[in-house]
Structures are given as C-alpha cells and as structure tokens.
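Heads up: the structure comes next, in structure tokens.
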Amino acid sequence: MSSNEGHRLAIRDLSVLYPDRTDRALDRVDETIEEGEIVAVTGPSGCGKSTLCRMIAGFVPSLVPAEVSGEVRIADRLVDRMSPEAIAGRVGFVQQDPDAQICTLRVRQEVAFGPENLCLPADEIRSRVEASLAAMRIEALAERSTPTLSGGEKQRLAVASILAMHPRVLLLDEPSASLDPEGARDLFSLLKGLSRDERRTLVVVEHRLRPLLGLRPRLVVLDRGRIVARRDGREPIDLVAAGLRDAWPAARPVRRPGPAALALERIAFGYDRPLFSGLSLTVRGGEILGVIGPNGGGKTSLLRLIAGLERPWTGTIRRPESARVGFVFQHPHHQIFERTVARELRIDGQASDREVAARLATARLDGLAAAPPLSLSLGEQRRLTLMTALARDPDLVLLDEPFIGQDRRNVVWILSRLLRVRHRGGIVVLVSHDIDLIGALSDRVLFLGGEAIAGRPGEVFAQLAASGRPLFTPLLNGGGS
Amino acid sequence: MIPRLKAGAHDRGLHRAGPGANLLLLGAMLAVGFATPSVVLKIAAVALVVVLTAVSGEGARRFLGSLRFVIVFAVLLFAVQALTVGEGNVLLPTPVRITDRGLIAGAGMALRFLVVLSSSFLFALVVDPDRLARSLIRLRIPYRYGYLLILSLRFVPFFRRETAIVREAQRMRGIEASVRTPRSLARAIRFTFVPVLVSGLTRVDSIAMSMTGRCFGLHRRRTALTDDRWTTADGAVVALSLAMALLVWGSRAGGWP
Chain A
72 MSSNEGHRLA IRDLSVLYPD RTDRALDRVD ETIEEGEIVA VTGPSGCGKS TLCRMIAGFV
132 PSLVPAEVSG EVRIADRLVD RMSPEAIAGR VGFVQQDPDA QICTLRVRQE VAFGPENLCL
192 PADEIRSRVE ASLAAMRIEA LAERSTPTLS GGEKQRLAVA SILAMHPRVL LLDEPSASLD
252 PEGARDLFSL LKGLSRDERR TLVVVEHRLR PLLGLRPRLV VLDRGRIVAR RDGREPIDLV
312 AAGLRDAWPA ARPVRRPGPA ALALERIAFG YDRPLFSGLS LTVRGGEILG VIGPNGGGKT
372 SLLRLIAGLE RPWTGTIRRP ESARVGFVFQ HPHHQIFERT VARELRIDGQ ASDREVAARL
432 ATARLDGLAA APPLSLSLGE QRRLTLMTAL ARDPDLVLLD EPFIGQDRRN VVWILSRLLR
492 VRHRGGIVVL VSHDIDLIGA LSDRVLFLGG EAIAGRPGEV FAQLAASGRP LFTPLLNGGG
552 S
Chain B
40 MIPRLKAGAH DRGLHRAGPG ANLLLLGAML AVGFATPSVV LKIAAVALVV VLTAVSGEGA
100 RRFLGSLRFV IVFAVLLFAV QALTVGEGNV LLPTPVRITD RGLIAGAGMA LRFLVVLSSS
160 FLFALVVDPD RLARSLIRLR IPYRYGYLLI LSLRFVPFFR RETAIVREAQ RMRGIEASVR
220 TPRSLARAIR FTFVPVLVSG LTRVDSIAMS MTGRCFGLHR RRTALTDDRW TTADGAVVAL
280 SLAMALLVWG SRAGGWP
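Residue numbers (the numbering used here), protein chains in the order written: chain A, 72 to 552; chain B, 40 to 296.
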C-alpha cells in the first residue's frame, strides 16, 4: 500500500433507506477520497449530505437505524465491521450544531474527553489537549465554562476536541453555518493548514460555498441521494458556471418608499458590555433593512429591541402604535406549538378552512395539513413558521438567520415572501451572514461590529471594503473569499 | 492573522480545594445544622459561609441575593415558632404570647435551615462537576454515572435558555401565558413543554453521537487529564472541617447555648 492510500475512503454502491421513508437518503453512491484530499459535499436540503457523513463516521446504522447496502472502507477496512468508537480513532465528525456536541462543562475537559476515553496516559492527554487548543487558537479559553462560549468559540472548541483524537479523516457538517464571514475564513484557514501540514483528509458539507473557495476543494454535488456532479479541486471553482453560486438577482428598488415607519434614535444597548451606542437609523415603509456583522456584534439583540423583547439602555425606538410585528426565530421548532400543520396555520382558530388551505398551498405544504409540524423537514418547518408569522399581514417582519440549513429553492421561496411584504409597504429587517443575499435584496444595510455603519448598500459595502473588511462585502463587489 | 481568544478563571478560596475536601466541609456544616442545638454555633456557621463565599471570589452580596427566598422562608419559620411555642418564660404576654423557649426554638430552626441551604449552595458554586465526577470515579463508582451528573448539569442552562426563547416566541405570536383555568394551564404547559422537549431530545441524540464519536464506553476504565493532588488548600479546608466537628462535639458535651 502506498502512503497515499494510507487512509483512503472508499464508498462503493452505497444506498441508505431510513425507516418510514420511501426515498433513499443515499442511492448507489460511489466515491473515493484520497488521504490528504479536501472534498466539499454540497447539494439541496435532504440530498443525503449528512447521511454520507454519518455513514463514514459509522453512526448509521449502529446508532441511527436504517437499511444499508453497499460498503464504506477506511484504510481498506470495512466500516460496518468496526464499532463507531473504533472508527472514531480514525474519523472525527464535527456535527452541524457545535453546541449540541459539547459534553462537559470546561473547555480543557472537553478537549481531553476523547483522549481520556482512549485510556491514554495523562502526559499524552495533556500534550494532545495543548496542541489541539493551540491549533484552533483557543488556548486562552482553556479554563472557561463551556456554556458561556460564543457560537464561534464553540465551533472552534468542537473542532479542537475532535483534533485531540488524532483522526486522519475530518468530517465537518456545515461548520460555517453559524459563523460570520471572517470567522468562517479563520476556521477554513486553520483546516487548510491541517490538510497541508499533516495530510489530514477533510470532507466538508456546506450549503454556502463562498467560504470554501479559499480551500480549493474537490467538489461533489449530491441531489436526491445521488452524486450528480464532480469538479476537480485543481481548477478554481467557477460557481457561476457550475450553477452553484450563492448569488441572487438584485431586488428591484422600491419606486416610492413610504414615510419613515421605524426609527432608532441614539440607541445604546448591551448585556454585560455595551454592544452598540448612539445607533440612529430610519427605515421607510416598503424597505428591506439587511443587518450584517461579526458574531456577537449585536444583530439578534437589535431584532429583540425592535420587537420590544428588550429595552434599550438609552435612546428611543419609534414605530407606529398599531404596527403588527412578525418575528421569525433562527430555529423553527421554537415557534411550533400545535399538533398539526393545519392547526398551526389556523392561528388560534382565527382562520377559516379556506384560508388555511390557501396558506398550505402558498407554503407548499399541501397534503401535510394533518401532519405533526415537528415531523416536517427543516425546510418545511421554516416555510411553516414564516407563513404563520406572515399570516397576520405584519407591518414589520423581523428575521434572524432564516437561511441557515436552507437550500436554494427554499431561500428563493423565502425571498419571494419577503418581497411581497416590501411590495405592500411593510418593513423587513433581515439578519444574515449571507452577504451576497443581503447585498442583492436590501434597500438599506446596517453593519454592527464594534462600530455601526448604516446606509445604502453600495455606501456601506464601500466603507467596509475601505476599512479592511472585504469579507463583509458581496462577491460581485470584489468581496474576498 | 487569526485572533487568539481570551478568558478568565476561577482559582480562589474553596475553588482551589478538591471536591473531597469541599465535601468534608459540607459534612461539617450539615453537622452544625443537625447535630448541635447551639444557636451561637449556627450563627457562626452562617457567617463562615458568607466569608468563604467572598474569599472564593463569588461575591457575598450576590450570594445573599440569590438566597433571598431562603432567608425570607427562614424568617417565616422563626416567626411561626416564636408565635406558636407556648412553653417557657413569657417575655411578651399580650397581644400574643412570646416565650424564651419559643424564640430559641424559632432561631434554632431558622438557622438550621439557613446553614444547610447556604452551605449546600456554596458547595454547588465552588465544586467543579467535572472534578466531582472524577472523584466519584476514583471511589470506584462507574464513570458512566459520573458523566450522568456532568450531563445533567450541562442541560440546566440549556433548558433555561430554551424555555426563555419559547416563551418569547409565544409572546410574539400573541399566545397568552395565562394559567387561570385548568384548560389554559394545560395549554401553557403544552405550548412550552413540547418545543423545549423536542429541543432536549434532539440535543440528547447529538450529545450521544458526539460521545460515541469520541470513544466514550470503548474501555471499562478511562484515564484522566489531571490527577487531583493534595494541596495546601485541601489541608486548610480539612482542618477547618475538623475544627467545626470538634466544636459540634464540644457544644453537645458542654451544653453551649
């Protein structure tokens, strides 16, 4: 066996069918990933990306029941003959939500957790912990309590705790989903170093491909469980030509913006430290305000202030007394309360059967009226919660990262609904890390990150580019990758 | 340049002692609460808890603030005892009969309550559950049980946060959190309980996968990053605990007030 074949991943004719499903999650997938390769797996929601990761990690079918045919080999050993714990010594899997995989209460303990399970001597554990913390540049967080970490810090911790296991293959399921563009660049830069210096194999599942461009990965595109396209990593990926670019047609400007309907006047706010101060901004009816900025910059707090869930330290927020507010939270399940989809759309029994049927059709949930809402896919749940938020024709719609985990089709649907709100004179305040989308859709942009920059999109992006933050500008504006 | 991230640490007072020594101190405090009738000793124990809280960098004022309900309940206990115990020398005959034995009984019960709860609260503040779990493992308790404790504590802030988010989501949807009738109470529970439960179950699945993915359960035993060695802080806490035990013994033998 040549050194290049050391930890080759070989997937042969792999099919996976989950119980109670008629379509296969993976359908006769063949793929070989060489040691040290960087592979990006992409495709629409439900195309089988996460299932592929779980198969390689050995979680299916041993932990997640499913009917499996075909084989996965790591270093020429069949995965289904190895226990997940034994595979873990070779393959490390960083799941989508870093917060959901932290098992202990201190950062150092979390990184040590895996090596301790391997029964390594204390000196070896210590050296692995220090090296992993250093690799992710979180040495200074070592004694911090894990629940107090920010999203970006938790993401780095999740990777560090897997690195301490010394896996040759790293699987990362949407690692940049909750990270701002600079955080995503930092993470991928660290991962690229691991691949280059230590020949570790990286398999990265991502919806948003822009953060991955710097890695120059080989691209594998899945759709309905099948590999439908591959692109060589040696050539720069032309996402436009590949039809995978996260670019959006620009929304047409509003012809006659309405009067000022939302005004923030010298707002100061924070929790244990100030997030922003002296923030002033006016949004007119029929406008979309895109809010961008680094993790922890105060974007979600701004939405909460506008919604009246928080009070500013100083300053005032003016909006019409009778304004109806629709708030779409980041995770759909927080906003689902009823037993069936139809009851959820009936909004406290206020809507007629006809109205509910129309809402079901609009949300593309026909045939799911009697289904329990929490049994829907993430994309369906997102459409349901947006539909319930829009059902009362709100004058002000607030959305917190509504595109996370959503494929292009769903994103287009969400955009179409937001443009309708704008068309009828409503205001949309949209928080997102998807800078291209914000650039294309917004009438005004607000950057929150230490300083606040507000204005027309072109003006804000020009200021951000001039102040050395090109990752917060759209790709078409020359934003860095 | 990728930024390095910053943080602080807990390394003062009782934090520096191991879980074993802190457990012994808790035992001594419980002995003061239950094994001696001495009111003076109980007052001294409550004062010691406040001092140790401050020395450990936890903030005495914040600590007393979080014990607000315990203190109010202790005052109520005292009042009830003082008003209902009729034996002893009458100190105030009208309009209610207050006796010296009633006051002593009330003070004893209220202080017992304060000593037990404040010292338990301090123990929970200063003992790192990770270290406590390791101590339990050293006592030959299977490590899976030790980690059960850690995971339970890991879920406390999670459930608190999820419940707050769900309540806010209800508020934004115009769902009333009324609990005036059994029906509205059932509805409020369902509307809060179901989303939080779903979050919890999803989280449990992910954590189980994360633990398996890091070889939890692969071997019958596991090693540890740190071996908690005996420190001077441990020595000081053990000495303090023994002194308290001696005082308890002395108060019983000598019939101290």
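Here a beta-carbon is modelled for each residue, glycine too, at the ideal position from N, C-alpha and C.
By Cβ distance below 6 Å, which residues in the same chain neighbour residue i in space, the five residues on each side in sequence not counted?
i	result
alanine 60 of chain B	Asp273, Val276, Val277
glycine 368 of chain A	Leu519, Gly520
glutamate 97 of chain B	Leu164
aspartate 244 of chain A	Ser121, Cys124, Gln166, Gln167, Val276
serine 348 of chain A	Ala339
tryptophan 30 of chain B	No answer is possible for residue 30 of chain B: it lies beyond the span of chain B, which begins at 40 and ends at 296.
alanine 248 of chain A	Ile475
isoleucine 509 of chain A	Gly361, Ile363, Ser503
glycine 66 of chain B	none
For chain B, check one thing: does any of its Cβ atoms lie closer than 7 Å to the Cβ of residue i?
i	result
glycine 77 of chain A	no
glycine 264 of chain A	no
glutamate 218 of chain A	According to the sequence provided, residue 218 of chain A is proline. The question's glutamate does not apply to it. At least one chain B Cβ lies under 7 Å of proline 218 of chain A.
leucine 123 of chain A	no
alanine 159 of chain A	yes
alanine 313 of chain A	Bear in mind that a pLDDT of 48 at alanine 313 of chain A, under 50, signals an unreliable position, so the model cannot answer this.
arginine 540 of chain A	no
glutamine 226 of chain A	no
glutamate 187 of chain A	yes
isoleucine 196 of chain A	yes
alanine 111 of chain A	no
glutamine 406 of chain A	yes
arginine 316 of chain A	Bear in mind that the predicted position of arginine 316 of chain A carries a pLDDT of just 48, short of 50, making it unreliable; the figure below should be weighed with that in mind. Closer than 7 Å: no.
Chain A beta carbons: is any one of them nearer than 7 Å to that of residue i?
i	result
phenylalanine 162 of chain B	no
valine 243 of chain B	no
phenylalanine 230 of chain B	yes
arginine 51 of chain B	no
alanine 83 of chain B	no
valine 237 of chain B	yes
proline 234 of chain B	yes
serine 249 of chain B	yes
methionine 211 of chain B	yes
isoleucine 298 of chain B	Absent from the model: residue 298 of chain B. The displayed extent of chain B is 40 to 296, so no value can be given.
isoleucine 176 of chain B	no
Using DSSP with H/G/I as helix, E/B as strand and the rest coil, what is residue i?
i	result
serine 216 of chain A	strand
arginine 260 of chain B	coil
valine 100 of chain A	strand
serine 348 of chain A	strand
isoleucine 214 of chain B	coil
serine 86 of chain A	strand
isoleucine 143 of chain B	helix
aspartate 167 of chain B	coil
aspartate 294 of chain A	strand
aspartate 268 of chain A	helix
glutamate 181 of chain A	helix
glycine 293 of chain B	helix
leucine 501 of chain A	strand
Short of 7 Å in beta carbon distance, which residues of its chain neighbour residue i, apart from the five on each side in sequence? Order them along the chain.
i	result
valine 155 of chain B	Leu69, Gly72
alanine 84 of chain B	Met68, Val71, Val154
serine 216 of chain A	Leu176, Arg177
Can you name, in chain order, every residue of its own chain whose Cβ lies under 8 Å from the Cβ of residue i, other than the five neighbours on each side?
i	result
glutamine 477 of chain A	Ser116, His278, Leu449, Gly450, Arg453, Ile485
glycine 285 of chain A	Arg256, Phe259, Ser260, Lys263, Ser552
alanine 113 of chain B	Ala149, Leu150, Phe152, Leu153
alanine 126 of chain A	It is methionine, not alanine, that sits at residue 126 of chain A in the sequence shown. So the qualifying residues of the chain are Ile82, Leu85, Val87, Leu97, Val139, Val143, Val150.
Counting only beta-carbon atoms, is residue i nearer than 7 Å to chain D?
i	result
leucine 80 of chain A	Absent from the structure is chain D; the protein chains it does hold are A and B.
Members of the stretch 252-263 of chain B that neighbour chain A once the beta carbon cut-off is set at 9 Å
Gly252, Arg253, Cys254, Phe255, Gly256, Leu257, His258, Arg260, Arg261, Thr262, Ala263
Looking at chain A, which residues of the stretch 181-208 of chain B have a Cβ within less than 8 Å of any of its Cβ atoms?
Tyr186, Ile189, Leu190, Leu192, Arg193, Pro196, Phe197, Glu201, Ile204, Val205, Glu207, Ala208
With 9 Å as the limit, tell me which residues of the stretch 136-168 of chain B have their beta carbon closer than that to any beta carbon of chain A; keep them in chain order.
Asp167, Pro168
Could you give the uninterrupted runs of the alpha helix (DSSP H) lying entirely in the stretch 132-174 of chain A, keeping only those of 4 residues or more?
155-159
Runs of beta strand (DSSP E) lying entirely within the stretch 341-416 of chain A, each at least 3 residues, in chain order
345-355, 359-363, 385-389, 396-399
Output the residue ranges of the beta strand (DSSP E) runs that lie fully inside the stretch 408-481 of chain A and measure 3 residues or longer, sorted by chain position.
467-471
Got a sec: which bits of the stretch 167-179 of chain A sit with their beta carbon under 9 Å from any beta carbon on chain B, in order along the chain?
Gln167, Asp168, Asp170, Ala171, Gln172, Ile173, Cys174, Thr175, Leu176, Arg177, Val178, Arg179
Complete alpha helix (DSSP H) runs within the stretch 219-281 of chain B (minimum length 4 residues, chain order):
221-251
Which of the residues in the stretch 232-257 of chain A, read from start to end, lie with their CB under 8 Å from any CB of chain B?
Ser232, Ile233, Met236, Asp257
Output needed in chain order: residues of the stretch 264-295 of chain B with a Cβ under 7 Å from some Cβ in chain A.
Leu264, Asp266
Interface positions of the stretch 94-118 of chain A facing chain B (Cβ-Cβ less than 7 Å), listed along the chain
none
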